[in-house]
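In the working numbering, the protein residues as written are 21 to 124.
Rendered as structure tokens:
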């Protein structure tokens with residue numbers, strides 16, 4: 021029997037793992053991956069950014085990407101993702117782009 025989560029994701033591997041979903045508004049599909057509870061939010065942010073083909077950068081303006089959960093921006097990305105679990109073994113983040121205008 022194949023075990024699935026409430027969202028339909030297939031559950032395999034370590035039962036402690038957390039199913040992480042990250043969506044990014046311009047993307048057609050979300051990023052999905054399983055992580056151990058000790059994984060940092062920065063690791064998830066980096067993997068999601070690679071998946072979506074974006075990166076923090078400074079051109080004329082500065083572009084920085086943040087993870088958000090339940091409307092709250094995660095500023096301390098050194099925290100383990102288990103800190104954001106409310107119940108169960110699933111997390112849903114949003115990758116949000118912040119553009120800071122450069123000087124003219």
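Ideal Cβ positions, reconstructed from N, Cα and C, are used throughout, including at glycine.
Query                                                                                        : Result
Beta-carbon proximity check, residue 117 vs residue 85, cutoff 9 Å                           : yes
With 16 other Cβ atoms within 10 Å as the buried cut-off, status of residue 36               : exposed
Residue closest to residue 102, alpha-carbon to alpha-carbon, out of 43, 49, 62              : 62
Complete runs of the beta strand (DSSP E) confined to the region 25-89 [at least 3 residues] : 38-43, 51-55, 82-89
Beta carbon of residue 105 nearer than 9 Å to that of residue 57                             : yes
Collapsed DSSP secondary structure at residue 122 in the structure displayed                 : coil
Residue from 91, 77, 90 whose Cα sits closest to the Cα of residue 120                       : 77
DSSP beta-bridge partners of residue 113                                                     : 42
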